[in-house]
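Visitor: Structure in structure tokens, see below.
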Amino acid sequence: MLTTADELLAVLERLGIAHDTVRHPAVYTVEESLKVVGELPGGHFKNLFLRDKPGRMWIVVMPAERSVDLKRLAELLETSRLSFASADRMARYLGVGAGAVTPFAVVNDHERAVTVVLDEKLLSRSRINLHPLENTATTGIAPAELVRFLEAVDHPPQILALDR
Numbered sequence: 065m066l067t068t069a070d071e072l073l074a075v076l077e078r079l080g081i082a083h084d085t086v087r088h089p090a091v092y093t094v095e096e097s098l099k100v101v102g103e104l105p106g107g108h109f110k111n112l113f114l115r116d117k118p119g120r121m122w123i124v125v126m127p128a129e130r131s132v133d134l135k136r137l138a139e140l141l142e143t144s145r146l147s148f149a150s151a152d153r154m155a156r157y158l159g160v161g162a163g164a165v166t167p168f169a170v171v172n173d174h175e176r177a178v179t180v181v182l183d184e185k186l187l188s189r190s191r192i193n194l195h196p197l198e199n200t201a202t203t204g205i206a207p208a209e210l211v212r213f214l215e216a217v218d219h220p221p222q223i224l225a226l227d228r
């Protein structure tokens, strides 16, 4: 059974993870999100759901203002060519739709098929803002608490310098 946004927030509460959530109109792109919640304190990030040819999958979390070079990212991940994963994979493994990809979604990845990759720059922020499984809300959380959540749901993240 898939976890809902409210259930995710309850998991954060049970783990003792401080967070706050703001509701807003649906957003589908980083640009739309920044227009709606850009005034929130902390860093804003983009979340990419990627796969390689053999079918391995990643959620890559990087600063919103950065562009991504998939060829270079594939080298950093020591894999073949990367591409964006399909909406079907997104629904099957993460339980989210377009515009709602988030590292929180691995709570729904019971097969442990998805690896979370965090840009090391994320860890230097006092707070990061992410969707809580839906694109009609944004949840602020400390980076160390995100790592703790990921470890608690058996998805310890890879921390990489994505700007190299």
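Going letter by letter, the sequence shown gives residues 65 to 228 in the working numbering. Virtual Cβ for every residue (Gly too), placed ideally from N, Cα, C. Since the structure is predicted, the reported quantities are computational estimates derived from the model, not experimental observations.
May I ask you to verify whether the segment 177-188 touches the segment 119-136, counting CB pairs closer than 8 Å and requiring at least 3?
Guide: With a cut-off of 8 Å, the segment 119-136 and the segment 177-188 count as touching, because enough Cβ pairs lie within range.
Visitor: List the whole-angstrom C-beta distance separating Leu146 from Leu197, where the pair is believed to meet the contact cut-off of C-beta under 8 Å.
Guide: Leu146 to Leu197, Cβ: 24 Å. No contact.
Visitor: Identify every residue that forms a DSSP beta bridge with Val86.
Guide: For Val86, which the question treats as bridged, DSSP gives the partners Thr202.
Visitor: Run the CB neighbour count on Val86, radius 10 Å, all protein chains shown included, and call it buried at 16 or more, exposed below.
Guide: exposed
Visitor: Looking at the strands, I want to know which residues DSSP matches up with Asp183.
Guide: Leu224
Visitor: Taking Leu79 as part of the beta strand (DSSP E), name the residues at either end of that continuous run.
Guide: That residue, Leu79, is in no beta strand (DSSP E); it is neither H nor E in DSSP.
Visitor: Excluding the 5 residues preceding and the 5 following Leu79 in the sequence, name in chain order all residues of the same chain whose CB lies nearer than 8 Å to its CB.
Guide: Arg212, Phe213, Ala216
Visitor: Would His219 pass as a contact of Asp152 if the rule is Cβ separation under 8 Å?
Guide: no
Visitor: Should Pro118 go down as buried or exposed, given a rule of 16 or more other Cβ atoms within 10 Å for buried?
Guide: exposed
Visitor: How many whole angstroms separate the CB atoms of Pro184 and Ala225, which I take to be in contact at a CB cut-off of 8 Å?
Guide: The question names Pro, but residue 184 is Glu in the sequence shown. Confirmed, Cβ separation roughly 5 Å.
Visitor: I'd like to know whether the C-beta atoms of Leu186 and Ala169 end up nearer to each other than 8 Å.
Guide: no
Visitor: Using a Cβ-Cβ cut-off of 7 Å (strictly less than) and excluding sequence neighbours within five positions of Val94, which residues of its own chain qualify?
Guide: Lys110, Ala128
Visitor: Which residues does DSSP pair with Asn172 in a beta bridge?
Guide: BP columns for Asn172 are empty, so no partner.
Visitor: Excluding the five sequence neighbours on either side, which residues of its own chain have a C-beta within less than 7 Å of the C-beta of Leu98, listed in chain order?
Guide: Scanning its chain for C-beta atoms nearer than 7 Å, with the 5 sequence neighbours on each side dropped, one finds around Leu98 the residues His108, Ala128, in chain order.
Visitor: What does the Cβ neighbour count give for Pro89, buried or exposed, with the cut at 16 atoms within 10 Å?
Guide: exposed
Visitor: Assign Pro196 to one of three DSSP states: helix, strand, or coil.
Guide: coil
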